[in-house]
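Q: Okay, here's the structure, questions in a sec.
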Amino acid sequence: MKRSEVIVDGSFIYEKETQLTIRKTCLFFPGDGLTVYDCSGHLVFRVDTYATNASHRSELVLMDPSGRCLLTVRRKRVDRRKRWA
5 MKRSEVIVDG SFIYEKETQL TIRKTCLFFP GDGLTVYDCS GHLVFRVDTY ATNASHRSEL
65 VLMDPSGRCL LTVRRKRVDR RKRWA
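Numbering (the numbering used here), first residue to last: 5 to 89.
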C-alpha cells in the first residue's frame, strides 16, 4: 500500500479549538452547496456540486474562500459488470 502525504496550508491550521458554522447556500434545492464560516464570520470553505441534474451529483468540490479547489470528492459506483468505476 502506498503511503500518502497530506499537505495543509498554514491558513487552515488553528492552534486551539474553534467553532465553525455551516450554512446551506440554497434552501430550495437539495445538494446545491454549503458555506463554512469561522466564529468571526469569515468565510473559511465552500462546498459545491456543479452537476446539472440529480443523477450526476456524485462529485463535491471543497474550495477555499477565493474559490480555489482544495479537494474533489467523487462517489464510486458499480458498473454493469459489478466492478467499481
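Beta carbons are placed, not taken as given, at the ideal position from N, Cα and C, and that holds for glycine.
(1) Please classify residue 37: does DSSP put it in a helix, a strand, or coil?
(2) If you run the structure through DSSP and keep just helix, strand and coil, what is residue 5?
(3) Could you please give me the residues that DSSP links to residue 50 through a beta bridge?
(4) What does the Cβ neighbour count give for residue 50, buried or exposed, with the cut at 16 atoms within 10 Å?
(5) Looking only at its own chain, which residues have a Cβ that is under 8 Å from the Cβ of residue 67, when we skip the five neighbours before and after it?
(6) Quick check on residue 5: buried or exposed, where buried means 16 or more other Cβ atoms within 10 Å of its Cβ?
(7) Within 8 Å: the Cβ of residue 27 and any heavy atom of the ligand MN?
(8) Thinking C-beta only, is residue 22 closer than 9 Å to residue 29?
A: Per the coordinate set shown:
(1) By 1-based counting over the sequence shown, the position of residue 37 is 33. It is a strand residue.
(2) In the sequence shown, the residue the question calls residue 5 occupies position 1. Because residue 5 carries a pLDDT of 48, less than 50, the predicted location of this residue cannot be relied on, and no value is offered for it.
(3) Counting from one through the sequence shown, the residue named residue 50 turns up at place 46. Residue pairing of residue 50 in beta bridges, as defined by DSSP: 39 and 67.
(4) Numbered from 1 along the sequence shown, position 46 holds the residue referred to as residue 50. Classification for residue 50: buried.
(5) Taking the first residue of the sequence shown as 1, we reach residue 67 at position 63. In the same chain as residue 67, and ignoring 5 residues on each side of it, the C-beta atoms closer than 8 Å to its own belong to 49, 50, 51, 52, 73 and 74, in chain order.
(6) In the sequence shown, the residue the question calls residue 5 occupies position 1. Any reading at residue 5 must be qualified, since the residue scores a pLDDT of 48, below 50, and its modelled position is unreliable; no value is offered.
(7) The ligand MN is not among the ligands present in this structure, which contains no ligands whatsoever.
(8) Looking up residue 29 in the sequence shown gives position 25. Looking up residue 22 in the sequence shown gives position 18. Not closer than 9 Å, so no.
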